[in-house]
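One structure is given here, and the rest of the page talks about it.
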Amino acid sequence: MNQEKALLFNIQKFSIHDGPGIRTTVFFKGCPLRCHWCSNPESQIGKIQVAWNSLKCISCQKCVKGCPEGAISEAKGSIVIDGERCKGWQECLKECPTDSFQIEGEYKTVDKIVSEVLKDIAFYEESGGGVTLTGGEVLQQADVAIEILKELKKHNIHRAVETTGYAAPKVFEKFLEHIDLLLFDLKHYDPVKHKEGTGVDNMIILENMKAAVKKGKKIVARIPVIPNFNDSLQDAEGFSKCLNEIGIKNVDLLPFHQFGQKKYDLLCMEYKMKDVKQLHPEDLMDYQEVFIRNGLNCKF
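Okay, structure coming up:
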């Protein structure tokens with residue numbers, strides 16, 4: 001019995017975009033990056049959060065009076081939740097007569113997580129799929145994630161991890177031992193630009209990427225293509241040069257989308273990409289061609 005707990009914000013079944021075959025994707029909460037385009041803002045803070053749905057609210061303010069931390073206030077007819085002060089006590093849920101609040105994040109034991117993903121083991125075996133751990137940033141909870149990966153190994157389940165690679169090298173190298181496939185997010189090849197878009201530079205990320213290659217791990221680099229950040233043909237050349245120097249040949253391009261915009265409103269968070277136009281694969285054919293011309297296997 002393993003009662004060690006992980007803080008998750010979702011377990012998504014029948015995923016086909018996070019590794020080979022049919023998979024279950026386990027989403028860990030907490031991330032050291034603050035990407036301006038993040039489509040899962042509920043993943044960023046490593047604690048339980050409260051989200052508010054304005055469409056259900058009747059402005060009775062019972063939540064304002066009932067919050068023991070004083071984390072909820074009203075401004076211009078709108079509820080405001082102070083994410084730093086909120087402790088996730090969920091008193092607002094009890095006070096609200098219209099169910100305007102929802103909880104983002106739940107602690108689950110290793111046993112419960114593994115038990116849940118094992119329910120679909122027949123689909124993994126039939127399709128060549130498995131389980132993918134992602135985030136947020138799974139390396140923020142590396143110890144408990146390793147325990148999950150160990151249990152999955154006992155059942156011969158394919159183990160993929162999607163990560164930014166932003167962690168201490170010792171933590172990352174220990175983690176590598178338990179991975180079959182590494183889906184390695186790379187936001188920018190340039191450290192200054194990387195920091196502008198994510199809040200951190202990419203020095204540790206690139207070092208860990210090199211370590212994974214040295215260990216002989218199967219790696220797919222994932223590049224979110226973001227307008228006015230890394231979407232020029234010059235950027236495609238920069239990424240290609242960087243990946244060729246490190247020794248990674250497989251690349252997935254992830255065109256920018258607006259699927260997560262509503263979540264920012266629910267969490268009372270600012271969304272910096274609100275009026276930015278979405279990208280589609282057909283918008284990036286020349287961009288993709290740069291990678292192919294540089295000898296990389298590049299797809300959407």
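In UniProt numbering, the protein residues as written are 1 to 300.
Quick reminder that beta carbons are idealized off the backbone N, C-alpha and C, glycines included.
Just so you know, these numbers come straight off a predicted model, no measurement behind them.
8 Å Cβ cutoff met for residue i and residue j
i, j, result
"F28", "L7", "yes"
"E42", "V144", "no"
"V103", "V50", "First, the residue type needs correcting, since residue 103 is Ile and not Val in the sequence shown. Taking 8 Å as the Cβ cut-off, I103 and V50 qualify as a contacting pair."
"T198", "L33", "yes"
"I219", "G129", "no"
"V225", "L254", "yes"
"C92", "C60", "no"
"K154", "I179", "no"
"W52", "F101", "yes"
"D120", "K47", "no"
"N2", "D82", "no"
"A142", "A167", "yes"
"V251", "N202", "no"
"F256", "W37", "yes"
"N40", "G260", "yes"
Residues of its chain near residue i, where Cβ-Cβ distance is below 7 Å and the 5 sequence neighbours each way are ignored
i, result
"residue 375", "No answer is possible for residue 375: it lies beyond the span of the chain, which begins at 1 and ends at 300."
"S73", "V64, V80"
"I113", "A6, V26, I148"
"C35", "K187, G197, T198"
"E95", "K62, C63, G66"
"Q228", "The sequence as given places Asn at residue 228; Gln does not occur at that position. None."
Identified DSSP bridge partners for residue i
i, result
"N10", "F27"
"H155", "Paired residues: none, contrary to the question."
"S73", "V80"
"W37", "Partner(s): none; W37 has no beta bridge."
"L183", "E162, V220"
"V225", "P255"
"Q49", "E104"
"T109", "K5"
Below-8 Å beta-carbon distance, residue i vs any chain D residue
i, result
"K241", "Of the chains in the structure shown, none is chain D; there is only one protein chain."
Close beta carbons around residue i, own chain, < 6 Å, minus the five adjacent residues each side
i, result
"E69", "R85, K87"
"V117", "T24, V131"
"E30", "According to the sequence provided, residue 30 is Gly. The question's Glu does not apply to it. Taken in chain order, the residues that qualify are G46, G136, Q140."
"S15", "R23, T25"
"F123", "I22"
Residues near residue i by beta carbon distance below 8 Å, same chain, minus five either side
i, result
"L176", "L182, A211, A212, K215, K217"
"S54", "S78, I79, S100, D265"
Any contact between the segment 287-300 and the segment 230-248? By contact I mean 3 or more CB pairs, one from each, below 8 Å. yes
For a minimum of 3 consecutive residues, which ranges assigned as the beta strand (DSSP E) are wholly contained in the UniProt domain "4Fe-4S ferredoxin-type" (78-106)? 78-81, 101-104
Which parts of the segment 247-288 are runs of the alpha helix (DSSP H), unbroken and 4 residues or longer, counting only runs that do not cross its ends? 261-266
Length at least 4, wholly inside the segment 114-174: the alpha helix (DSSP H) runs in chain order: 121-127, 142-154
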